[in-house]
Amino acid sequence: MAIYINMLPCLKDEDKVDELLKQWDGGIELVAEGADWCRHPIDWSKGRGKYASFPGPISVHTPIFDLNLACSRYRALSEYSFEVYQQSLQWAASIGAKHAVVHPNLQSTPIFDRQGSQQCSKHYISRLGELGQQLGVQVLVENVGFHDSVLYDPEEFVQLFAEIPSIEALIDVGHAHINGWDIPGIIRHLGTRLTAVHLHDNNGLADDHLPMGEGTIEWEGIWKELDQTEHKIDMILEYNTETTTELLLEHAAKVQEIRRIGLV
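Numbering-wise (the numbering used here), the sequence shown opens with residue 20 and increments by one.
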């Protein structure tokens with residue numbers, strides 16, 4: 020198991036990036052959009068040299084804005100999204116990333132044709148998983164969406180990994196909390212298919228990406244369940260853009276200590 024820090028709080032300031040990399044010897048999660056994380060298209064040449072030489076494990080969070088692998092009504096959009104995700108995986112492989120996180124649908128779009136959207140999503144996710152295997156990058160599918168934009172409920176999310184052997188699961192604890200999921204339960208049901216978790220907090224209403232302990236998530240049960248898994252799960256701090264480097268490092272150290280004393 021490795022502990023990762025999502026780099027989003029640092030990406031608009033190169034000095035802040037360098038400061039974190041000098042002080043942190045664990046893993047990092049890169050946001051594929053980079054400093055221009057809410058704009059397309061992406062310049063895949065940026066950052067390749069800096070991160071290709073990083074000694075720790077790397078995860079890549081593939082693009083999220085405007086892309087939808089589950090658009091059954093307008094397949095051209097799904098096909099374009101698939102092409103961007105292909106580029107993301109190739110970029111991840113070029114910098115030696117261990118895994119790449121993929122959203123199975125556009126988290127802000129309500130689901131109108133559930134069956135058709137799921138079929139469309141599974142088609143492209145499966146192909147991405149196969150590409151990831153060829154490139155040596157694990158494709159991790161994340162639970163995304165809130166309420167009427169959730170494509171897979173907890174049971175369907177678990178079943179997704181039984182149907183598609185080329186992918187692995189990532190549970191975003193904050194997303195699960197907003198949707199009222201039994202977080203320890205889904206960790207247990209995913210078993211060895213769960214490869215990583217996104218750790219952040221909220222008050223059950225909005226995806227605030229608060230530091231752990233600043234929201235209403237009950238962490239004790241989550242830590243206990245993670246500690247009982249048969250394998251070690253990567254843990255990724257995914258905090259909001261306002262988070263300081265000092266707090267990121269402090270909370271990463273706390274997770275390391277929880278792991279050291281045997282709760283994870």
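Positions of the beta carbon are idealized from the N, C-alpha and C atoms, including for glycine.
Span of the beta strand (DSSP E), counted from its first residue to its last, around residue i
i: T264; result: Premise fails: T264 lies in the alpha helix (DSSP H), T264 to R279, not in any beta strand (DSSP E).
i: V79; result: I77 to H80
i: A188; result: E187 to D191
i: D157; result: Inspection of the sequence shows that residue 157 is occupied by Gln rather than by Asp. That run of the beta strand (DSSP E) goes Q157 to E161.
i: Y143; result: Segment R133 to L154 is the alpha helix (DSSP H) holding Y143; no beta strand (DSSP E) there.
i: V36; result: It is not in any beta strand (DSSP E) - V36 instead sits in the alpha helix (DSSP H) that spans E33 to Q42.
i: L213; result: L213 to L218
Span of the alpha helix (DSSP H) around residue i
i: S91; result: S91 -> no alpha helix (DSSP H), and no H or E assigned at all.
i: A21; result: No alpha helix (DSSP H) holds A21; DSSP gives it neither H nor E.
i: L179; result: P173 to E182
i: P203; result: I202 to L209
Contact check, residue i vs residue j, beta carbons under 7 Å
i: I47; j: M26; result: yes
i: N87; j: L147; result: no
i: I22; j: V274; result: yes
i: I202; j: I241; result: yes
i: A215; j: L159; result: yes
i: S185; j: E149; result: yes
i: T248; j: P28; result: no
i: S97; j: D132; result: no
i: L49; j: L108; result: no
Coil, strand or helix - residue i by DSSP
i: I114; result: coil
i: D226; result: coil
i: D285; result: Since the first and last residues shown for the chain are 20 and 283, residue 285 lies out of range.
i: E52; result: coil
i: T248; result: coil
i: I47; result: strand
i: V121; result: strand
i: E98; result: helix
i: G240; result: helix
i: S168; result: helix
i: S127; result: coil
i: L108; result: helix
i: I83; result: coil
i: Y70; result: helix
Option nearest residue i by Cα separation, candidates the options
i: K35; options: V274, L268 and I277; result: L268
i: S168; options: E187, T262, L159 and P123; result: P123
i: H208; options: K41, Q109, A188 and T264; result: A188
i: H166; options: L154, A195, Q138 and V177; result: A195
i: G210; options: D246, D226, M231 and L224; result: D246
i: S72; options: G115, F101, L218 and Q105; result: G115
i: I190; options: A51, R92 and V121; result: V121
i: I144; options: S100, F131, T128 and R133; result: S100
i: K251; options: E239, R279 and T264; result: R279
i: D44; options: E276, A271 and A225; result: A271
i: S127; options: Q42, N162 and E102; result: N162
i: I24; options: L154, L213 and L218; result: L218
i: F176; options: I130, Q157, I205 and Q153; result: I205
i: W200; options: D172, Q42 and A119; result: D172
i: G12; options: L39, L266, L170 and R212; result: This structure cannot settle anything about residue 12, because the visible part of the chain is limited to 20 through 283.
i: Q106; options: A51, I197, D37 and K41; result: A51
i: V79; options: C139, Y93, D32 and V156; result: V156
i: R212; options: E38, S113, V103 and A181; result: A181
i: I236; options: D226, D227, L40 and N222; result: N222
i: N259; options: W238, S136, D227 and I277; result: D227
Buried/exposed call for residue i, threshold 16 Cβ in 10 Å
i: E174; result: exposed
i: K117; result: buried
i: Y70; result: buried
i: D253; result: buried
i: F84; result: exposed
i: G151; result: buried
i: G234; result: buried
i: T81; result: buried
i: D220; result: buried
i: A89; result: buried
i: P230; result: buried
i: L224; result: exposed
i: W110; result: buried
i: I197; result: buried
i: A95; result: exposed
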